[in-house]
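What follows is a set of notes on a single structure, which appears directly below.
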Amino acid sequence: MRKRIVYGVTVVSDKGQVVIPKEAREDLGIKRGDLLLVLGRRDGAGVTLIKLSMMDKLMEEIKEDDLFFVRRRGLGREQ
């Protein structure tokens, strides 16, 4: 199943809070209490949210694999 990339519109509250649409939470497995890493876009257009557990998993993969980035970009061959 292909996941959506657009889930609709949300509003920023006076406290700076936003609601993540239900469909996005369901598709992405975001649950109450999950920690989300907030990254600002370089072009200033907005933010990206990443589940911290997924970021932790990615960091472990990078730490354990010296050629991680080479393979991800297809710039080299596994030796």
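Each residue of the sequence shown is one higher than the one before, starting from 2 at the first, in my numbering.
Here a beta-carbon is modelled for each residue, glycine too, at the ideal position from N, C-alpha and C.
All figures in this text were calculated on a predicted structure; none of them were measured in a lab.
In this structure, DSSP gives L40 an extended state, which the three-state scheme calls strand.
By the criterion of at least three beta-carbon pairs nearer than 8 Å, the region 5–12 is in contact with the region 22–30. Cβ-Cβ separation between I31 and K52: approximately 7 Å, consistent with a contact (criterion under 8 Å).
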